[in-house]
Amino acid sequence: NDTDQLFHDACQIQITTKRLDRLAKDFQIESSKANSEAEIIESLKRQNKQLQESIRQMDHDYTELNKDHTTLAAELISAKMDIARIHDENEHLRQQTHDLKKKLETLPGEVEARIKEEMEILYTKNAALVERNSALEDQLAYMENMIIEIKVKYAESENEREGLRQRLTDLKCLMEK
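So the sequence shown is numbered by this note's numbering: it starts at 479 and just counts up by one.
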């Protein structure tokens, strides 16, 4: 019964066309607002989803960039260490070159001094050898003279012996006669 009463009361309400148009217009505005808000909410949801995807992609990119940064930092440290090592080697080579140049500058003087010293030693040895050679030549000449004298004396003694043998033979012959 309440329903009937409600229906009956509803039918009793009289709404003017103007009022009905106004209500329809208000309904359209409210409906349009509701649709517009729903579209805005849907649009915001899409934007939110896109932004979340962008954030996920950025997180991934950040992780990759961080890995690259770590790798590059390690390579940079390694390169700096290599540069320091090469710099040290370069300094060592420069020092060696400097030392060799100094040695090269003093080398001719050292070589000349050494040659002079060796020449003096050779000169002294040569003088001693010349003196010894002279003494040996004198000794050889003395011995050659002695040999000649001995040969002469030997020849004389042979002649004398031959003479004595001949005389002995002659004496024997005389004694036998």
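Yeah, the Cβ is synthetic: ideal placement off N, Cα and C, and Gly gets one too. Bear in mind that the values here come from a model prediction, so they are computed numbers and not experimental data.
Exercise for review: Could you tell me the distance, in whole angstroms, from the CA atom of Ala-551 to the CA atom of Glu-517?
Suggested key: Straight-line measurement puts the Cα of Glu-517 at about 49 Å from the Cα of Ala-551.
Point to revise | Residue span of the alpha helix (DSSP H) that contains Ile-519, given as start and end | key: 495-654 is the extent of the alpha helix (DSSP H) around Ile-519.
**Study point:** Span separating the alpha-carbon of Arg-500 from that of Ser-509
**Key:** Taking the CA atoms as reference points, Arg-500 sits about 14 Å from Ser-509.
Check your understanding: What's the C-alpha gap between Gln-492 and Lys-523?
Key -> If you take the alpha carbons of Gln-492 and Lys-523, they lie about 44 Å apart.
Review point. Considering Gln-492, what are the terminal residues of the alpha helix (DSSP H) in which it resides?
Key: Counting along the chain, Gln-492 falls outside any alpha helix (DSSP H), and DSSP gives it neither H nor E.
Check your understanding: Roughly how many angstroms lie between the CA atoms of Ile-626 and Glu-596, to the nearest whole one?
Key -> Using only the alpha carbons, I get a separation of about 44 Å.
Check your understanding: For Asp-537, which residues from the same chain have a beta carbon less than 6 Å from its beta carbon, with the 5 sequence-adjacent residues on both sides left out?
Key -> Correct list: empty, nothing qualifies.
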